[in-house]
Amino acid sequence: MGGIGVELFRDVAIGLPPLNQTLARRIMEETKVYQLLKGYRNVPPANIRLLEEIMVRFSQMLVDFPQLKEVQVEKEEEKKPEVIEE
Numbered sequence: 336m337g338g339i340g341v342e343l344f345r346d347v348a349i350g351l352p353p354l355n356q357t358l359a360r361r362i363m364e365e366t367k368v369y370q371l372l373k374g375y376r377n378v379p380p381a382n383i384r385l386l387e388e389i390m391v392r393f394s395q396m397l398v399d400f401p402q403l404k405e406v407q408v409e410k411e412e413e414k415k416p417e418v419i420e421e
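Here the numbering used here runs 335 ahead of the position in the sequence shown, where the first position is 1.
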C-alpha cells in the first residue's frame, strides 16, 4: 500500500538500514496490509520472499549512497502483453 492508503490508514513501519531478510519480514509484519500480502479471501498471496529481497537490496542502496536525501517509488501496473496480428 502506498500513497493515499498510507496517509488514510497510517499504516507505517520503520526500520534502519541495512536490513536483512528477517528484519524486512518483521517490518512487513508490523503493518496492517501484511494480512492482505499473505492472501485474504479472494486476494492471492504476494511473493513475500521477493518483497523481502527488494527491501534488503533497497536498504543496501541507501547505505551505499548516503548522499540520497529522498527516493520516490512508483507502482508499476502489470501490463498484459499485446498481440499484434497482421
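Where a beta carbon is used, it is the ideal one built from N, C-alpha and C, also for glycine.
Since we're looking at a predicted model, the values are computed, not measured.
Annotation for Tyr369: the continuous alpha helix (DSSP H) segment containing it runs 369-372. The C-beta distance from Lys367 to Phe344 rounds to 6 Å, short enough to meet the 8 Å contact threshold. Here Val378 carries a strand assignment [DSSP, helix/strand/coil]. Sorting Lys410, Leu385, Gln402 by C-alpha distance to the C-alpha of Thr357 places Leu385 at the top.
Annotation: Phe400 is outside any alpha helix (DSSP H) and is labelled neither H nor E by DSSP. With contacts defined as CB atoms closer than 8 Å, Val391 and Ala359 qualify as a contacting pair.
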